[in-house]
Structures are given as C-alpha cells and as structure tokens.
Amino acid sequence: MLEFSMINTPSLWVDRERRMVGHMAVTLSGPLDELSFRHNQYLLGEYAQVQLESRGGLQFTVSAPVCFCIAGAAVEVNVAHKTYSSYEIIPVLPKQTVTVGLPNCGKIIYLCFSTQLSLPKVLDSTCCVAREEFGGEYHNGKMLRAPYSCAMIKPKVLPYKNMHFTPAWQNTLNPYLSVIPAYQHTKFDVVNRMKFTSAQYKISSKADRMGYRLISETLLETPTITESQPIALGAIQVPKDGLPIVLLADKQTTGGYPIIGCLSQLSITQLVQLNDEFTFKWTEPETAHSQWHAQLAHDKGRLETNN
Amino acid sequence: MQITNLSIERLNENSWLCTPRNSSLKVTEWVRGLTTHSPEWLRDCVMVANSVMLVTQDEFDPWQIRRSIAQTFSLIGTQAQPIRHHYLTIDTEYALDLEEVLEHVAMDAKALYETLRHIEFVVSANGFAPGFSYLSGLPKSLHLQRKATPRMAVPAGSFAIASEYAAIYPKVSPGGWYLLGHCEQTLFDVMQHPPSFLQLGDTVHFDFVGRHA
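Protein chains in written order, with this note's numbering: chain F, 1 to 307; chain H, 1001 to 1213.
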C-alpha cells in the first residue's frame, strides 16, 4: 500500500490517456506541466504513466520497498531523516516516513513511483475533472485528501541516483512567453496587439487547472464575437474586463470570448511554474513546434544519459 | 492552408481548426466518422457550428497531419454512420419561462407545444457541458435571443430553447435559455458507453405532457 497521511495542497493523479472526448464536451485533462511529467517518464519509463500532480506538502509511507522520483518544481524531500531533492531516484522502505516540502522554486511537482498503482479510471484516465464533477478517487472530480491510500502492484527497487538536473525554466529571468497568433488575433487592432506584447503580466489568485487569470496595469480592448468556438490548449481569452485568461488542461471545450492567440506548449510549462512577472512575444506555430521538440530531445538526452 | 473544400488554420502546435468552404458539406458526418474510427494521429475532436478542431498526437509530422486531415475529409459521404432516433417525454409542469416565450412568439401554449412536437430535432453539436447537446430544427418563428439576465442555476433536466436551438440541461448550471419543461432522461453518465446519450447526428422527437401541453 501507498499511504498518504498528509496532503496539504491540491493534488491529483494525472496521465495522458484520455482521448477522443471533446465531441462530448469533455476536456482531455492531463498534466499542467507536460515537460516535467515527461521528465519522470524519461527516468522511470512505463512506471511514470500515472503521476501525482501536487504543490508539495505531502507525507507518505509504503508497505513494500519501492523508489520514487519528483520532477518539476524544486522541493526538499526527507526520508528517514535523510534529505533529498527533485530529480533524484529515491529508495524508500516500509515504516520510513517520506515528507515532501513546499516548492522553493517553481510551483508544481510530479511524483511517481517504481510500481504500478491500483487507481480508478474514468474515460480511460485517472484524471479527475473538478468542473465536470467526475473521475478521481472519489468519482466526483474532487482532489485527493488525507488520509488516502492505494495499492501498489509489483513494486520494484531501483538504485539511488541523483540526476543533477535543472529544468530550463529555472534559469530564465524575466521570461518571455511565446504566443502563436490564432483565432481572433487579427480582429484585435494593432494598438491592442502591441499593448498585449508590451504589458507586464502576473498570475492572479484566480488560477486553477481550468485556466490562469492574469493581472496587469494594461487593459486590452476586445473585439466583439458572436459565435462559440472550439478552445485549444493554451488559448488566451480576453473577456470584457481586458485581462487575459490562459486556458489550461481542464479548460472547457468551447467558448465565446475573443481569443488573441495560443500560448506555446513550452511556454505553458513555464507559466505554470512561474512566480515572477512575464511578458508575451509572438511566435509562429512551426517555431513553437520545433522548440518544443528540441527541448524534449535535450531533456531526454540529459536524463537518460545520467540514468 | 486550403485543401479543395477545407480551410485549415493551425491554432497551436497540435490543434487545427478545420472549416469547410462549402456549408452544405456534412461536417457532422465527418466528425461521427472520426470519433467512431479515430485515426492513430488524432487525439481529440471538438465541433462547434460548422467548424471542427482536431487535436493531433504530438509525435506526428505536421505536414503529414495536414495531408491526413484532408484525406479523412475527402471520405465524407463514403462511410455513412447509422443514425439513432430518440423519443423523449417533456413534462410541461416545469415550464418556468412559458409566459415569456408566449409573449415573444404570439401563440398559445397548446400551439407552441404542438409545433415543438412535430419537429425532428438533430444533434448538431455537443458543448458547454458534458451531455449538453445543441438540437437544431427550430423554425425561425421560435428563434429567441438568450435571456438578458441568465439564471444562476438552471435545474438539471430542463428542456429549453434559445437562438436556433433546443437543449436539455444535463445538470444544474447557469444558463440564459428559456425553460419550457423537464426531461427525466440521464444525458451523460461516465459509466455508460458511450457516456453521452445523444450523439452527433442523432434525431430527437419530443412528446409534451402535463397541463400546458
């Protein structure tokens, strides 16, 4: 068994298994930071198909020897009074208590174990969706709460390893997030498109897996649209108040607010880990696509080589 | 990019907004085909009005994806899917907006429900919430603007009309449509296969009962 005695922040099991559900108005869901999710997959392979997405503040024990790894934000991990950090493959024995602290750099961690886990699935996925009130441990879209336990199936012990890996976003000061012009981009006038890329934005307190509402002193004037449209991952809606909302993994499938563009996949991973102010810049979809795959290849090379 | 009758706009790395240039092409049929036998490069599919967003798997080459999209689109008309027909009962006891609707359409309740009873509605899109289907087929005389002030909580099962559509609210949610009755049918259940009771292209006839019908 894997038993959590403390879950102090919103935490849920995530995977990338849900598919072909948009025509039923169901969101794909999945990890908010797909790059960190993939880091764990490079490290633990098949075991990392399902991972715990959390903001730290966890405590757990296991009933059989197993290993775990944390990708994403930098956290301090304590196992039987020994200290570890993110991007280490850490062995844990029965009766040892593991404590995962709150992130000291970044926001979201992905925790995975070298074992299969017995977890309920809805529409092929372990992801719960709060907005749609389904899935997850409690079958109602709610996040995990302690005490919580699940069965481990064929746990395997791997040798300890420290990857000495730092995600790219941790080295980025004053980040520029890349936006692909799309949807009603051309309906925003030149002045407002320039205001959008010159403004400093921060993430507001209204930020969850559905989307991040941004704050800024710069307000955009929006064009009028009358029809609903399908919503892509990373779409940046601008409602009447002029402050953008970036739509994320649990977004609705359709919407009626004007959209100025879509945040690139790589920039979504930056956005969800950011604490600082940032600005937007335009990029072409082909460039964004190349950058995403270059980053994946780079990180895969680093993590698999170290492994 | 335009491939014969299809305009394809790339929204992000993996999302493609496809709009037929000829509105008579049966997009619903295309989407039904894609969802019934989904190609391996396709991860998701969302349809709104006459546009379809295809979300493709990360690993596939974008140029190949464009060709594959065009290929599947060219198959419209060759792989007709069986259409299901539904008959649902609406209790008019819960027609909370009946008087307001009657003012707009200048007919009495019996005539209104009689008109609705004879319409063959078609599921033309699913959106807003799981199980919420946009049912097309309303005559122009029943096209009403959404309510100026939406309700904070529309009861689950409410049968409603607005704009050119009818719909049934699958669960309690905010909404600005005019409520004309209540339906007992469960519209979305993740334990069923498929979870949505109404599928794209299905037809729906309503029978109205209760004191207003």
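For each residue, glycine too, the CB sits at the ideal point set by N, CA and C.
Contact between Ala1162 of chain H and Arg1146 of chain H holds, with the beta-carbon distance rounding to 5 Å and staying under 8 Å. Ranked by Cα distance from Ala146 of chain F, the first of F:Tyr257, F:His293, F:Asp189 and F:Leu58 is F:Leu58. Between His1182 of chain H and Asp1091 of chain H, the C-beta gap is smaller than 7 Å, which places the two residues in contact.
Counting only residues of its own chain and dropping the five nearest sequence neighbours on each side, Phe113 of chain F has a CB closer than 6 Å to the CB of Val66 and Phe68.
Counting the other Cβ atoms within 10 Å of the Cβ of Trp1016 of chain H gives 16 or more, which makes it buried. Within chain F, the residues placing a beta-carbon under 8 Å from that of Glu1009 of chain H are Ala182, ordered along the chain. The alpha helix (DSSP H) runs lying completely inside the stretch 249 to 294 of chain F and spanning 4 residues or more are 265 to 273, given in chain order. Looking at the DSSP output, Cys128 of chain F sits in no beta bridge, so it has no partner there.
Fully enclosed alpha helix (DSSP H) runs of no fewer than 4 residues occupy 34 to 44 of the stretch 30 to 60 of chain F, in order along the chain. The Cβ atoms of Gly242 of chain F and Leu219 of chain F lie closer than 7 Å to each other. Contact with chain F is found for Thr1035 of chain H, since one of that chain's Cβ atoms lies less than 7 Å from the residue's Cβ. Here Val191 of chain F is exposed, its C-beta having fewer than 16 other C-beta atoms within 10 Å. With a cutoff of 7 Å on beta-carbon distance, Ala71 of chain F and Ser36 of chain F are scored as near each other.
Your pair Tyr1178 of chain H and Glu1114 of chain H does not check out as a contact, with CB atoms roughly 17 Å apart and the cut at 8 Å. Between the stretch 13 to 20 of chain F and the stretch 28 to 42 of chain F, the count of Cβ pairs shorter than 8 Å is three or higher; the stretches touch. Residue contact with chain F for Gly1127 of chain H: present (Cβ-Cβ distance below 7 Å to some residue of chain F). At least one C-beta of chain F is nearer than 7 Å to the C-beta of Asn1012 of chain H.
At a beta-carbon threshold of 7 Å, the residues of chain H lying near Trp292 of chain F are Glu1013, ordered along the chain. Residues of the same chain with a CB within less than 8 Å of the CB of Met1 of chain F, apart from the 5 flanking positions on each side, are Val62, Ser63, Ser149, Cys150, Ala151 and Met152 in chain order. Nearest in C-alpha terms to Asn1022 of chain H, of all of H:Arg1067, H:His1037 and H:Leu1006, is H:Leu1006. Here Asn1126 of chain H carries a strand assignment [DSSP, helix/strand/coil].
With a threshold of 7 Å between beta carbons, Ser149 of chain F makes no contact with chain H. Counted as a single uninterrupted DSSP element, the alpha helix (DSSP H) harbouring Ser1068 of chain H occupies residues Pro1062 to Ser1074. For Arg1146 of chain H, no CB of chain F lies under 7 Å from its own CB, so it is not counted at the interface with that chain. Look at the stretch 106 to 138 of chain F: the residues with a C-beta under 8 Å from a C-beta of chain H are Val122, Leu123, Glu132, Glu133, Phe134 and Gly135. Contact annotation for Cys1045 of chain H against chain F: Met20, Gly22 and His23 [CB-CB distance below 7 Å, chain order].
Looking at the DSSP output, Glu76 of chain F bridges to F:Ser85. Rounded to whole angstroms, the separation of the alpha carbons of Gly1175 of chain H and Ser54 of chain F is 33 Å.
Contact of Ala1049 of chain H with chain F by beta-carbon distance below 9 Å involves Glu227, Ser228 and Gln229. His1085 of chain H is bridged by DSSP to H:Thr1203.
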